[in-house]
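J.: The structure under discussion is supplied below as structure tokens; questions concerning it will follow.
There are 2 protein chains.
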Amino acid sequence: MLERRTPINVEEAIESLLKYKKTGTIETVEIEKATGRILGGNLFADHDVPLFDRSPYDGFAIRAEDTADASRENPVRMEVVSEIGAGSVYNQPIKENQAVRIMTGAPIPEGANAVVMLELVKNYEENGRVYMTINRPYKEGDNISFRGEDTKKGTILAEKGTYINPGIVALLATFGYKEVPVSRKPKVGVLATGSELLEINEPLAPGKIRNSNSYMVLSQIERAGGEGIFLGQLSDDFDLCFGHVENALQQVDFLITTGGVSVGDYDYLPDIYRKLGANVLFNKVGMRPGSVTTVAEKDGKLLFGLSGNPSACYVGFELFVRPVIRYFLNCPHLFVRSEEAVLGKDFPKPNPFTRFVRGEMTYSGGSVIAAPTGLDKSGVVSSLASANVLIVLPGGTRGYKQGMRVQVLLLDDQQGSEQFGNPFQKKESSEERMQLRE
Amino acid sequence: MLERRTPINVEEAIESLLKYKKTGTIETVEIEKATGRILGGNLFADHDVPLFDRSPYDGFAIRAEDTADASRENPVRMEVVSEIGAGSVYNQPIKENQAVRIMTGAPIPEGANAVVMLELVKNYEENGRVYMTINRPYKEGDNISFRGEDTKKGTILAEKGTYINPGIVALLATFGYKEVPVSRKPKVGVLATGSELLEINEPLAPGKIRNSNSYMVLSQIERAGGEGIFLGQLSDDFDLCFGHVENALQQVDFLITTGGVSVGDYDYLPDIYRKLGANVLFNKVGMRPGSVTTVAEKDGKLLFGLSGNPSACYVGFELFVRPVIRYFLNCPHLFVRSEEAVLGKDFPKPNPFTRFVRGEMTYSGGSVIAAPTGLDKSGVVSSLASANVLIVLPGGTRGYKQGMRVQVLLLDDQQGSEQFGNPFQKKESSEERMQLRE
Numbered sequence: 083m084l085e086r087r088t089p090i091n092v093e094e095a096i097e098s099l100l101k102y103k104k105t106g107t108i109e110t111v112e113i114e115k116a117t118g119r120i121l122g123g124n125l126f127a128d129h130d131v132p133l134f135d136r137s138p139y140d141g142f143a144i145r146a147e148d149t150a151d152a153s154r155e156n157p158v159r160m161e162v163v164s165e166i167g168a169g170s171v172y173n174q175p176i177k178e179n180q181a182v183r184i185m186t187g188a189p190i191p192e193g194a195n196a197v198v199m200l201e202l203v204k205n206y207e208e209n210g211r212v213y214m215t216i217n218r219p220y221k222e223g224d225n226i227s228f229r230g231e232d233t234k235k236g237t238i239l240a241e242k243g244t245y246i247n248p249g250i251v252a253l254l255a256t257f258g259y260k261e262v263p264v265s266r267k268p269k270v271g272v273l274a275t276g277s278e279l280l281e282i283n284e285p286l287a288p289g290k291i292r293n294s295n296s297y298m299v300l301s302q303i304e305r306a307g308g309e310g311i312f313l314g315q316l317s318d319d320f321d322l323c324f325g326h327v328e329n330a331l332q333q334v335d336f337l338i339t340t341g342g343v344s345v346g347d348y349d350y351l352p353d354i355y356r357k358l359g360a361n362v363l364f365n366k367v368g369m370r371p372g373s374v375t376t377v378a379e380k381d382g383k384l385l386f387g388l389s390g391n392p393s394a395c396y397v398g399f400e401l402f403v404r405p406v407i408r409y410f411l412n413c414p415h416l417f418v419r420s421e422e423a424v425l426g427k428d429f430p431k432p433n434p435f436t437r438f439v440r441g442e443m444t445y446s447g448g449s450v451i452a453a454p455t456g457l458d459k460s461g462v463v464s465s466l467a468s469a470n471v472l473i474v475l476p477g478g479t480r481g482y483k484q485g486m487r488v489q490v491l492l493l494d495d496q497q498g499s500e501q502f503g504n505p506f507q508k509k510e511s512s513e514e515r516m517q518l519r520e
Numbered sequence: 083m084l085e086r087r088t089p090i091n092v093e094e095a096i097e098s099l100l101k102y103k104k105t106g107t108i109e110t111v112e113i114e115k116a117t118g119r120i121l122g123g124n125l126f127a128d129h130d131v132p133l134f135d136r137s138p139y140d141g142f143a144i145r146a147e148d149t150a151d152a153s154r155e156n157p158v159r160m161e162v163v164s165e166i167g168a169g170s171v172y173n174q175p176i177k178e179n180q181a182v183r184i185m186t187g188a189p190i191p192e193g194a195n196a197v198v199m200l201e202l203v204k205n206y207e208e209n210g211r212v213y214m215t216i217n218r219p220y221k222e223g224d225n226i227s228f229r230g231e232d233t234k235k236g237t238i239l240a241e242k243g244t245y246i247n248p249g250i251v252a253l254l255a256t257f258g259y260k261e262v263p264v265s266r267k268p269k270v271g272v273l274a275t276g277s278e279l280l281e282i283n284e285p286l287a288p289g290k291i292r293n294s295n296s297y298m299v300l301s302q303i304e305r306a307g308g309e310g311i312f313l314g315q316l317s318d319d320f321d322l323c324f325g326h327v328e329n330a331l332q333q334v335d336f337l338i339t340t341g342g343v344s345v346g347d348y349d350y351l352p353d354i355y356r357k358l359g360a361n362v363l364f365n366k367v368g369m370r371p372g373s374v375t376t377v378a379e380k381d382g383k384l385l386f387g388l389s390g391n392p393s394a395c396y397v398g399f400e401l402f403v404r405p406v407i408r409y410f411l412n413c414p415h416l417f418v419r420s421e422e423a424v425l426g427k428d429f430p431k432p433n434p435f436t437r438f439v440r441g442e443m444t445y446s447g448g449s450v451i452a453a454p455t456g457l458d459k460s461g462v463v464s465s466l467a468s469a470n471v472l473i474v475l476p477g478g479t480r481g482y483k484q485g486m487r488v489q490v491l492l493l494d495d496q497q498g499s500e501q502f503g504n505p506f507q508k509k510e511s512s513e514e515r516m517q518l519r520e
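If you read the sequences in order, they're chains A and B.
According to this note's numbering, the first sequence is numbered sequentially starting from 83.
According to this note's numbering, the second sequence is numbered sequentially starting from 83.
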């Protein structure tokens, strides 16, 4: 009567669904709209930076050789023969004991090979001519920003798949990208199932809960770089759900359903996958929460059956949906960023399966501390508020003590990790897994 | 001839401009548009969570007392008298040796006080009735999620000023916020000055550079939570610039200009402030880059005169503009998040003033490492690409060695810090500062 499912581990689950990953197309947006998008191509320098030898300061362009004997006692006097504002050019070579007043960013005139900062000299007029005196020697190249010293033409400054932040925007503008190639956002459909679900603005009723998962998942899709499309919430009715799933598949790049994937009598997703002829990649994962997370594939399109439980739904998204969104966006790092931290609190309860515990990561004296936020029953929604990491606690027979090294997954990070790999994961054999019970 | 300016330190500069901070109004947006906005009011629980005692699993609701003598040898048989799907209610109290089939999330029926997981029992039919057997005792409360156990009605779950991420969205949906109060984004005008500036899509020309600062600053405004308004780029012409600044002030909450704040002959901003009758709060800060950053106030409105140099402009924005944007948004933590890290590379060059060096923060074995990205000449744009922190190196006569503790400012963080405070800042007297030269 009860379907028995064989759990696979998280890494195997990810590997199985990544076989169906696909990349999206590239589109262009105005640079003003590029922040928060993903670069759709490599960003090249189209010219040397600086494009010409230029002055990093306000001052005077001189010939260093004229200052060889300059000292406090024996200052050198130079005639200021012209001035160059930023954006203008002086077209004559400067001669012995001549100087040119130069503004920050202006090109070094021909013949000059050093710049004296404005604050370090005196200048004055005498008989209608302008002079200045220098009281120390300069070397060739002093205070000059040389052509190409920052960046050589042709350099790749940021790779395809990079998240566009203000620093990248500065580069895009510098190198003439008025239109920026960006990865198209995948359309990710969200369909909630469950007769217990109320619309957010409906009054509460006995046995009912508001549909929080859909909005949470839409927000997670947005953070991951996708375009979430809310396709509605459905009561537990097979025909209704089937029709919606079948239609939804035509409209989206990926489809997420929430609820209905467990082994209860009203969990229709398994039957829906069957009727669709979809290929179920897995329907049980050795993890908490989210063990019933199911992923299926129909004609190469992925269907994610996330748990109706908010925490399980949240974790299921970050582990399984995020990587295919990031791949679609051409990101080289598909996985939520994984780093090591020091556990900030005991977590005594052992569990045979790997746990993903909501936690808050903080810094203290150069160390990274991660502590669970509140209770960790999987129905708990309030601990999501302050969570910025998932703490990975591999399954086993022991609990975890404060001070132990743990793996954390950084939820708000845009850089990601190339590998999901959990350095602490003890590989269990299938046989051992079979013996572990829910 | 040359204006002498007195530098103040960064903390004093921030303090002086925060006198003119102001908060913005609150508006509402649909929950689907709330991600990335700032909460405009406290988020309250409008009901207990769970709202009723409920089952966290698929299984059977029972009376624990009926199982007191259950064992493998002596299993207890119960009659399954009904079933409750999620979203429905069973209206009769259960009696001795009765069980009710219950789905995840469904309310515990009257009379029942424990739940047995579906996988742990056998059930079967006999003479048209359904039975199941239990082979161990249960305690009252086993496998029940109690009313209010997650969150009590009235609890503040997130405070006004909180950045809305997917976890907050889940809470908003749970507590009925179809419309979400959010802080209005301040309108921040950006006006670029400099005869050397080309539009991004113009061909390069001798002595000219493309205007990258405006787009960079617009992106920084967006990251900080404001609405950037690009008001154009102007050549160095006093009347032109004055007219635009005067008009711009009418349209925005804050005005940023880039360029023209130094002491060069084409730096017109000081004259513009004078003609406007604006109160210049400071025009020199003891920091690198960005020492010429100028902030003025006109009728209570702040004018930020950022340097035309890209790095100085970037740093000036994060240190001085970001806090007033965050205050406008009702955020409790005004400043870019400040944490401690271990310096990953030597930085040998001493500087009398505090430096803000672009760096990349990484993690290694539970520690936080921050290393400068590339050269740190202030004209360098390419090191912005991989920078995710500014490393704060207080001024002094010594350089910094790998392994030293340093303060870092986390650029992509949305949490912020309540204090700007630099724990390492040696407070210099005004006299000492006066002796320090550019």
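Backbone N, C-alpha and C fix where the C-beta goes; we use that ideal spot for every residue, glycine too.
Since this is a predicted model, take the numbers as computed values, not measurements.
1) Does any residue of chain A have a CB that is nearer than 8 Å to the CB of L273/B?
2) Between G106/B and R266/B, which are expected to be in contact by the criterion C-beta below 8 Å, what is the C-beta distance as a whole number of angstroms?
3) What is the rounded straight-line gap between the Cα of T215/A and the Cα of E500/A?
4) Just the chain B side, please: which residues come within less than 7 Å of N283/A by C-beta, in chain order?
5) So with Cβ pairs under 8 Å, would you call T215/B a contact of chain A?
6) Among P392/A, M185/A, V345/A, K427/A, which one has its Cα closest to the Cα of G276/B?
7) Are there three or more Cβ pairs, one per stretch, closer than 8 Å when the region 464-481 of chain A is compared with the region 421-432 of chain A?
8) Considering N361/B, what are the terminal residues of the beta strand (DSSP E) in which it resides?
9) Does DSSP classify Y396/A as helix, strand or coil?
10) Below 8 Å on the Cβ atoms is my contact criterion, and I expect A378/A with G368/A to pass it. Report the Cβ-Cβ distance as a whole number of Å.
11) Can you give the beta carbon distance from I291/A to L279/A, rounded, assuming they're within the 8 Å contact cut?
12) Quick check on DSSP: helix, strand or coil for T375/B?
13) For G498/A and F417/A, which I take to be in contact (beta-carbon distance under 8 Å), what is that distance rounded to the nearest angstrom?
14) G478/A CB to nearest chain B CB: under 8 Å?
15) I need the boundaries of the alpha helix (DSSP H) containing N329/B, first residue and last residue.
16) DSSP puts F438/A in a beta bridge; with which residues?
17) Could you tell me whether any Cβ in chain A is nearer than 8 Å to the Cβ of Y409/B?
18) Among L286/A, Q333/A, Q302/A, D349/A, whose alpha-carbon lies nearest the alpha-carbon of L316/A?
19) DSSP three-state call for I282/B: helix, strand or coil?
20) Does D494/B get closer than 8 Å to chain A when you measure Cβ to Cβ?
21) For the 8 Å Cβ check, are there 3 or more pairs between the region 111-126 of chain A and the region 242-259 of chain A?
22) Confirm, please, whether the CB-CB distance from I303/A to A255/B is below 8 Å.
23) Excluding the five sequence neighbours on either side, which residues of its own chain have a C-beta within less than 7 Å of the C-beta of R87/A, listed in chain order?
24) Can you give me the C-alpha to C-alpha distance between P157/A and V362/B, rounded to a whole angstrom?
25) Do you know offhand how far I226/A's Cα is from A146/A's?
26) Run through DSSP, which three-state label would L401/B get?
27) Under 8 Å, Cβ to Cβ, is there at least one residue of chain A near P288/B?
28) Between G210/B and N217/B, what straight-line distance do the alpha-carbon atoms span, to the nearest angstrom?
29) Should E421/A go down as buried or exposed, given a rule of 16 or more other Cβ atoms within 10 Å for buried?
30) Please report the distance separating the alpha-carbon of N91/B from that of R419/B.
31) Establish whether the CB of S170/B and some CB of chain A are separated by less than 8 Å.
32) Would you call E400/A buried or exposed, if buried means 16 or more other Cβ atoms sit within 10 Å of its Cβ?
33) Counting C-beta neighbours from all protein chains within 10 Å, is the total for Q484/B 16 or more, i.e. buried, or is it exposed?
34) What number of angstroms, rounded off, separates the C-alpha of K383/A from the C-alpha of V374/A?
35) Rounded to whole angstroms, what's the CA-CA distance from L239/A to E112/B? Just pull it up for me.
36) Beta strand (DSSP E) containing L358/A: first to last residue?
T.: Inspection of the coordinates gives the following:
1) Walking along the second sequence from the start, residue 273/B turns up at place 191. Not closer than 8 Å to any Cβ of chain A, the Cβ of L273/B fails to qualify, so no.
2) Here residue 106/B corresponds to residue number 24 of the second sequence, with the count starting at 1. Here residue 266/B corresponds to residue number 184 of the second sequence, with the count starting at 1. About 5 Å; that satisfies the 8 Å criterion.
3) In the first sequence, residue 215/A corresponds to position 133, counting from 1. In the first sequence, residue 500/A corresponds to position 418, counting from 1. The straight-line gap from Cα to Cα measures roughly 59 Å.
4) Numbered from 1 along the first sequence, position 201 holds the residue referred to as residue 283/A. In chain order: G258, K260.
5) Here residue 215/B refers to the residue found at position 133 when the second sequence is read from its first residue. No - not a single Cβ of chain A is within 8 Å of the one on T215/B.
6) To locate residue 276/B, count along the second sequence from 1; it is residue 194. When only C-alpha atoms are compared, the closest one is M185/A.
7) yes
8) Along the second sequence, read from residue 1 onward, the residue named residue 361/B stands at position 279. Run containing N361/B: 361-364, per the beta strand (DSSP E) assignment.
9) Counted from its first residue, the first sequence places residue 396/A at position 314. Helix at Y396/A.
10) The residue labelled residue 378/A in the question sits at position 296 within the first sequence. The residue labelled residue 368/A in the question sits at position 286 within the first sequence. Rounded, the Cβ-Cβ distance is 19 Å, inconsistent with contact.
11) Mapped onto the first sequence, residue 291/A falls at position 209. Mapped onto the first sequence, residue 279/A falls at position 197. Yes, they are in contact, since the Cβ atoms of I291/A and L279/A sit about 7 Å apart, within 8 Å.
12) If you number the second sequence from 1, residue 375/B lands on position 293. Coil.
13) For the purposes of this step, residue 498/A is taken as residue 416 along the first sequence, with counting starting at 1. For the purposes of this step, residue 417/A is taken as residue 335 along the first sequence, with counting starting at 1. 6 Å between Cβ atoms; contact.
14) Within the first sequence, residue 478/A is the residue found at index 396, counting from 1. So, not an interface residue.
15) Reading the second sequence from its first residue, position 247 is the one you call residue 329/B. Segment 320-333, the alpha helix (DSSP H) holding N329/B.
16) Numbered from 1 along the first sequence, position 356 holds the residue referred to as residue 438/A. In the DSSP output, where bridge partners are listed per residue, F438/A has V474/A.
17) On the second sequence, residue 409/B is found 327 positions in, with the first residue counted as 1. Output row for Y409/B: interface = no.
18) For the purposes of this step, residue 316/A is taken as the residue at position 234 of the first sequence. Closest by alpha carbon: D349/A.
19) For the purposes of this step, residue 282/B is taken as the residue at position 200 of the second sequence. Of the three classes helix, strand and coil, the one that applies to I282/B here is coil, per DSSP.
20) As a working mapping, residue 494/B is identified with position 412 in the second sequence. Yes, D494/B counts as interfacial toward chain A.
21) yes
22) As a first step, residue 255/B is located in the second sequence; it is residue number 173 there, counting from the start. As a first step, residue 303/A is located in the first sequence; it is residue number 221 there, counting from the start. Going by C-beta atoms, A255/B is not nearer than 8 Å to I303/A.
23) Looking up residue 87/A in the first sequence gives position 5. Excluding residues within five positions, the ones whose Cβ falls inside 7 Å are N365, K366.
24) Your numbering for residue 157/A matches position 75 in the first sequence. Your numbering for residue 362/B matches position 280 in the second sequence. One C-alpha to the other measures close to 37 Å.
25) In the first sequence, residue 226/A corresponds to position 144, counting from 1. In the first sequence, residue 146/A corresponds to position 64, counting from 1. Between I226/A and A146/A, the C-alpha separation is close to 12 Å.
26) As a working note, residue 401/B is residue 319 in the second sequence. Residue state, collapsed to three classes: helix.
27) Position 206 of the second sequence, counted from the first residue, corresponds to residue 288/B. Interface residue, yes.
28) Start at 1 with the first residue of the second sequence, and residue 210/B comes out as number 128. Start at 1 with the first residue of the second sequence, and residue 217/B comes out as number 135. Rounded to the nearest angstrom, the two C-alpha atoms are 23 Å apart.
29) Working through the first sequence from its first residue, we reach residue 421/A at position 339. Burial call: buried.
30) Translated into the one-based positions of the second sequence, residue 91/B becomes position 9. Translated into the one-based positions of the second sequence, residue 419/B becomes position 337. Distance between the alpha carbons of N91/B and R419/B: 19 Å.
31) By one-based count along the second sequence, residue 170/B stands at place 88. Output row for S170/B: interface = yes.
32) Mapped onto the first sequence, residue 400/A falls at position 318. That one is buried.
33) Counting from 1 along the second sequence, the entry for residue 484/B is found at position 402. Exposed is the call here.
34) As a first step, residue 383/A must be located in the first sequence, where it is residue number 301. As a first step, residue 374/A must be located in the first sequence, where it is residue number 292. If you take the alpha carbons of K383/A and V374/A, they lie about 20 Å apart.
35) The residue given as residue 239/A occupies position 157 in the first sequence. The residue given as residue 112/B occupies position 30 in the second sequence. Roughly 38 Å separates the two Cα atoms.
36) Counting from 1 along the first sequence, the entry for residue 358/A is found at position 276. It is not in any beta strand (DSSP E) - L358/A instead sits in the alpha helix (DSSP H) that spans 351-358.
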